[in-house]
Amino acid sequence: MSRCVAGLAVALMLLKMGTWLAVARFSASPSLNAAYVGATLLMLWSYVMAVGVVPASKPPSDGRVRAAESDLDDAPRYCERCDAPKAALVHHCSSCRRCVYRMDHHCPWTNNCVGWDNKKHFLLFLLYTALSCLLFNAIVSALVWRVDSSAAPRSDASLLQLTWALSLLVGIVLTGYLLFHIWLLHRGLTTFEFLMRQRGELADTPLLYNATVYFGSNVALWWLPVAPRLDARMGGASQRETRELLV
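Going by numbering that gives the first Met the number 0, the letters in the sequence shown line up with residues 0 to 246, in that order.
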(Lines of atoms letter the chains of each structure in order from A; the text may use other names.)
(Lines give C-alpha, C1' and ligand atoms only; values in the text may rest on other atoms or scores of the structure.)
Protein backbone atom coordinates (compact mmCIF):
# COMPACT_ATOMS: atom_id res chain seq x y z
CA MET A 0 0.00 0.00 0.00
CA SER A 1 2.79 2.43 0.92
CA ARG A 2 4.43 1.88 -2.47
CA CYS A 3 1.19 2.83 -4.23
CA VAL A 4 0.89 6.02 -2.18
CA ALA A 5 4.55 6.88 -2.83
CA GLY A 6 3.95 6.29 -6.54
CA LEU A 7 0.99 8.68 -6.41
CA ALA A 8 3.21 11.32 -4.78
CA VAL A 9 5.76 11.00 -7.58
CA ALA A 10 2.99 11.17 -10.22
CA LEU A 11 1.61 14.39 -8.71
CA MET A 12 5.06 15.98 -8.66
CA LEU A 13 5.66 15.01 -12.30
CA LEU A 14 2.22 16.33 -13.32
CA LYS A 15 2.93 19.70 -11.74
CA MET A 16 6.44 19.96 -13.21
CA GLY A 17 5.22 18.88 -16.66
CA THR A 18 2.45 21.48 -16.65
CA TRP A 19 4.91 24.21 -15.70
CA LEU A 20 7.38 23.12 -18.37
CA ALA A 21 4.77 22.89 -21.14
CA VAL A 22 2.55 25.87 -20.36
CA ALA A 23 3.04 27.91 -17.21
CA ARG A 24 6.65 29.05 -17.54
CA PHE A 25 5.86 31.19 -20.58
CA SER A 26 3.46 33.42 -18.64
CA ALA A 27 5.60 34.06 -15.55
CA SER A 28 8.38 36.53 -14.85
CA PRO A 29 11.98 35.25 -14.81
CA SER A 30 12.24 35.82 -11.06
CA LEU A 31 9.05 33.85 -10.33
CA ASN A 32 10.19 31.03 -12.61
CA ALA A 33 13.58 30.98 -10.89
CA ALA A 34 11.94 30.80 -7.46
CA TYR A 35 9.71 27.94 -8.61
CA VAL A 36 12.62 26.01 -10.12
CA GLY A 37 14.69 26.46 -6.96
CA ALA A 38 11.89 25.31 -4.67
CA THR A 39 11.12 22.35 -6.94
CA LEU A 40 14.74 21.19 -7.09
CA LEU A 41 14.98 21.38 -3.30
CA MET A 42 11.68 19.49 -3.07
CA LEU A 43 13.01 16.67 -5.26
CA TRP A 44 16.32 16.56 -3.40
CA SER A 45 14.53 16.41 -0.05
CA TYR A 46 12.21 13.68 -1.29
CA VAL A 47 15.10 11.53 -2.50
CA MET A 48 16.80 11.89 0.89
CA ALA A 49 13.58 11.22 2.84
CA VAL A 50 13.01 8.06 0.80
CA GLY A 51 16.60 6.88 0.61
CA VAL A 52 17.90 7.45 4.14
CA VAL A 53 16.94 4.44 6.26
CA PRO A 54 16.56 5.49 9.91
CA ALA A 55 18.75 3.73 12.45
CA SER A 56 17.23 0.87 14.43
CA LYS A 57 19.25 1.62 17.57
CA PRO A 58 21.27 4.46 19.14
CA PRO A 59 24.86 4.96 17.96
CA SER A 60 27.24 2.53 19.65
CA ASP A 61 30.19 4.91 19.86
CA GLY A 62 29.79 5.59 23.55
CA ARG A 63 28.51 9.15 23.11
CA VAL A 64 24.91 8.45 24.05
CA ARG A 65 23.90 10.35 27.14
CA ALA A 66 23.45 8.28 30.27
CA ALA A 67 20.10 9.96 30.91
CA GLU A 68 18.75 8.44 27.70
CA SER A 69 19.50 4.91 28.82
CA ASP A 70 17.86 5.66 32.18
CA LEU A 71 14.48 6.52 30.67
CA ASP A 72 13.37 2.96 31.24
CA ASP A 73 15.14 0.92 33.92
CA ALA A 74 13.57 -2.37 32.84
CA PRO A 75 15.22 -4.30 30.00
CA ARG A 76 13.29 -3.87 26.76
CA TYR A 77 12.90 -6.52 24.08
CA CYS A 78 11.22 -6.45 20.67
CA GLU A 79 9.41 -9.73 20.14
CA ARG A 80 8.83 -9.02 16.45
CA CYS A 81 12.51 -8.38 15.75
CA ASP A 82 13.56 -10.98 18.35
CA ALA A 83 16.21 -8.58 19.62
CA PRO A 84 16.89 -6.23 22.55
CA LYS A 85 15.35 -2.78 22.18
CA ALA A 86 17.00 0.38 23.51
CA ALA A 87 15.19 3.35 25.01
CA LEU A 88 13.45 5.65 22.48
CA VAL A 89 13.23 2.78 19.98
CA HIS A 90 9.85 1.70 18.59
CA HIS A 91 8.87 -1.05 16.17
CA CYS A 92 7.30 -0.05 12.85
CA SER A 93 4.85 -2.67 11.62
CA SER A 94 4.98 -1.26 8.07
CA CYS A 95 8.79 -1.38 7.76
CA ARG A 96 8.94 -4.50 9.97
CA ARG A 97 11.90 -3.13 11.88
CA CYS A 98 12.72 -1.08 14.94
CA VAL A 99 13.40 2.64 14.49
CA TYR A 100 15.40 4.89 16.83
CA ARG A 101 13.46 8.02 17.85
CA MET A 102 10.65 7.02 15.51
CA ASP A 103 8.23 9.79 14.60
CA HIS A 104 5.84 7.94 12.28
CA HIS A 105 5.69 5.84 9.12
CA CYS A 106 5.09 8.03 6.07
CA PRO A 107 3.26 6.30 3.19
CA TRP A 108 4.19 9.15 0.82
CA THR A 109 7.87 8.28 1.15
CA ASN A 110 7.33 4.57 1.90
CA ASN A 111 9.76 5.01 4.77
CA CYS A 112 9.82 5.63 8.50
CA VAL A 113 10.65 9.07 9.83
CA GLY A 114 13.28 8.73 12.53
CA TRP A 115 16.32 10.42 14.01
CA ASP A 116 18.44 10.17 10.86
CA ASN A 117 15.93 11.43 8.27
CA LYS A 118 13.47 13.67 10.12
CA LYS A 119 15.31 16.72 8.78
CA HIS A 120 14.80 15.53 5.19
CA PHE A 121 11.12 14.82 5.82
CA LEU A 122 10.47 18.28 7.27
CA LEU A 123 12.36 19.95 4.42
CA PHE A 124 10.30 17.91 1.97
CA LEU A 125 7.12 19.31 3.55
CA LEU A 126 8.53 22.85 3.43
CA TYR A 127 9.74 22.83 -0.17
CA THR A 128 6.75 20.88 -1.53
CA ALA A 129 4.34 23.39 0.00
CA LEU A 130 6.46 26.28 -1.31
CA SER A 131 6.74 24.73 -4.80
CA CYS A 132 2.98 24.15 -4.96
CA LEU A 133 2.08 27.67 -3.86
CA LEU A 134 4.56 29.22 -6.30
CA PHE A 135 3.09 27.05 -9.06
CA ASN A 136 -0.38 28.36 -8.20
CA ALA A 137 0.88 31.94 -8.25
CA ILE A 138 2.18 31.33 -11.79
CA VAL A 139 -0.83 29.41 -13.11
CA SER A 140 -3.75 31.25 -11.49
CA ALA A 141 -3.97 33.90 -14.21
CA LEU A 142 -3.95 31.21 -16.91
CA VAL A 143 -6.70 29.23 -15.19
CA TRP A 144 -9.08 32.19 -15.13
CA ARG A 145 -8.16 33.14 -18.69
CA VAL A 146 -8.48 29.69 -20.19
CA ASP A 147 -12.30 29.63 -20.25
CA SER A 148 -12.40 32.55 -22.65
CA SER A 149 -9.54 31.32 -24.84
CA ALA A 150 -9.56 29.09 -27.87
CA ALA A 151 -7.51 26.41 -26.12
CA PRO A 152 -8.74 22.81 -26.51
CA ARG A 153 -11.11 21.75 -23.77
CA SER A 154 -8.83 18.88 -22.75
CA ASP A 155 -5.89 21.24 -22.23
CA ALA A 156 -8.03 23.62 -20.19
CA SER A 157 -9.33 20.80 -17.99
CA LEU A 158 -5.82 19.46 -17.37
CA LEU A 159 -4.57 22.92 -16.41
CA GLN A 160 -7.48 23.47 -14.03
CA LEU A 161 -7.06 20.02 -12.47
CA THR A 162 -3.34 20.56 -11.88
CA TRP A 163 -4.02 23.99 -10.39
CA ALA A 164 -6.64 22.58 -8.00
CA LEU A 165 -4.46 19.64 -6.91
CA SER A 166 -1.44 21.88 -6.39
CA LEU A 167 -3.47 24.34 -4.30
CA LEU A 168 -4.91 21.53 -2.18
CA VAL A 169 -1.50 19.92 -1.58
CA GLY A 170 0.12 23.28 -0.83
CA ILE A 171 -2.49 24.21 1.79
CA VAL A 172 -2.55 20.75 3.42
CA LEU A 173 1.24 20.48 3.63
CA THR A 174 1.55 24.00 5.03
CA GLY A 175 -0.80 22.99 7.83
CA TYR A 176 1.03 19.70 8.34
CA LEU A 177 4.40 21.49 8.50
CA LEU A 178 3.05 23.91 11.12
CA PHE A 179 1.80 20.92 13.11
CA HIS A 180 5.29 19.39 13.07
CA ILE A 181 6.86 22.69 14.11
CA TRP A 182 4.42 22.75 17.03
CA LEU A 183 5.41 19.18 17.91
CA LEU A 184 9.07 20.18 17.79
CA HIS A 185 8.34 23.15 20.05
CA ARG A 186 6.58 20.85 22.53
CA GLY A 187 9.40 18.29 22.33
CA LEU A 188 7.11 15.57 20.98
CA THR A 189 7.24 13.06 18.17
CA THR A 190 4.05 12.14 16.33
CA PHE A 191 4.16 8.77 18.11
CA GLU A 192 4.40 10.41 21.53
CA PHE A 193 1.61 12.84 20.64
CA LEU A 194 -0.76 10.05 19.55
CA MET A 195 0.10 7.90 22.57
CA ARG A 196 -0.26 10.94 24.87
CA GLN A 197 3.20 10.40 26.26
CA ARG A 198 5.47 13.03 27.74
CA GLY A 199 8.11 13.89 25.16
CA GLU A 200 11.77 13.25 25.83
CA LEU A 201 12.49 16.86 24.77
CA ALA A 202 9.53 18.43 26.59
CA ASP A 203 11.71 20.57 28.88
CA THR A 204 14.09 21.93 26.24
CA PRO A 205 13.62 24.97 23.94
CA LEU A 206 12.68 24.83 20.27
CA LEU A 207 16.21 25.69 19.07
CA TYR A 208 17.67 22.80 21.05
CA ASN A 209 14.99 20.38 19.80
CA ALA A 210 15.62 21.42 16.20
CA THR A 211 19.37 20.90 16.68
CA VAL A 212 18.71 17.30 17.79
CA TYR A 213 17.45 16.49 14.28
CA PHE A 214 19.02 19.19 12.09
CA GLY A 215 22.53 19.33 13.56
CA SER A 216 24.42 22.28 15.01
CA ASN A 217 25.27 23.98 11.68
CA VAL A 218 22.29 26.31 11.20
CA ALA A 219 23.51 27.33 7.73
CA LEU A 220 22.93 23.75 6.53
CA TRP A 221 19.48 23.41 8.08
CA TRP A 222 17.85 24.52 4.83
CA LEU A 223 19.68 22.04 2.60
CA PRO A 224 18.73 18.33 2.52
CA VAL A 225 22.27 17.17 3.27
CA ALA A 226 23.05 14.61 5.95
CA PRO A 227 23.32 16.48 9.28
CA ARG A 228 26.05 15.83 11.82
CA LEU A 229 23.93 14.64 14.72
CA ASP A 230 25.06 14.40 18.33
CA ALA A 231 23.71 11.31 20.08
CA ARG A 232 24.34 12.97 23.45
CA MET A 233 21.55 15.46 22.79
CA GLY A 234 18.36 14.36 24.49
CA GLY A 235 16.11 15.48 27.30
CA ALA A 236 18.77 17.66 28.92
CA SER A 237 18.58 20.03 31.86
CA GLN A 238 18.78 23.76 31.17
CA ARG A 239 22.50 23.81 32.14
CA GLU A 240 23.24 20.80 29.90
CA THR A 241 21.23 22.45 27.13
CA ARG A 242 23.43 25.55 27.18
CA GLU A 243 26.59 23.44 27.24
CA LEU A 244 25.54 21.33 24.24
CA LEU A 245 24.40 24.34 22.21
CA VAL A 246 27.73 26.14 22.65
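Ideal Cβ placement from N, Cα and C applies to all residues, glycine included.
Minimum length 3: unbroken beta strand (DSSP E) runs contained in the region 95-127: 97-100, 104-106 and 111-113, all fully within the region 95-127.
Cβ pair count under 8 Å reaching 3, the region 27-43 against the region 130-140: Verdict: yes, contact present.
At what residues does the beta strand (DSSP E) containing residue 36 begin and finish? Here residue 36 refers to the residue found at position 37 when the sequence shown is read from its first residue. No beta strand (DSSP E) holds residue 36; the alpha helix (DSSP H) holding it covers 29-51.
Between residue 114 and residue 54, how many whole angstroms is the CB-CB distance? I'm expecting something under 8 Å. What you label residue 114 is simply residue 115 of the sequence shown in a count that begins at 1. What you label residue 54 is simply residue 55 of the sequence shown in a count that begins at 1. The pair is a contact, with the Cβ atoms about 3 Å apart (cut-off 8 Å).
Reduced DSSP category for residue 89 - H, G, I as helix; E, B as strand; rest coil: Taking the sequence shown and counting its residues from 1, the one referred to as residue 89 is at position 90. Correct three-state label for residue 89: strand.
Which partner residues does residue 77 have in the DSSP bridge list? Reading the sequence shown from its first residue, position 78 is the one you call residue 77. In the DSSP output, where bridge partners are listed per residue, residue 77 has 84.
Report the rounded CA-to-CA distance for residue 199 versus residue 180, giving the unit in angstroms. In the sequence shown, the residue the question calls residue 199 occupies position 200. In the sequence shown, the residue the question calls residue 180 occupies position 181. Cα-Cα distance, rounded: 14 Å.
For residue 145, does the count of other Cβ atoms within 10 angstroms reach 16, so buried, or fall short, so exposed? Translated into the one-based positions of the sequence shown, residue 145 becomes position 146. The Cβ neighbour count for residue 145, taken over all protein chains shown within 10 Å, is under 16; the residue is labelled exposed.
Is the beta carbon of residue 204 sitting closer than 9 Å to the one on residue 230? On the sequence shown, position 205 is the one that residue 204 refers to. On the sequence shown, position 231 is the one that residue 230 refers to. No; because the gap between Cβ atoms is not below 9 Å, this pair is not in contact.
I believe residue 184 touches residue 206 by the beta-carbon criterion, under 8 Å. Please report the beta-carbon distance rounded to the nearest angstrom. Stepping through the sequence shown from its first residue, residue 184 is reached at position 185. Stepping through the sequence shown from its first residue, residue 206 is reached at position 207. So it is a contact: roughly 6 Å between Cβ atoms.
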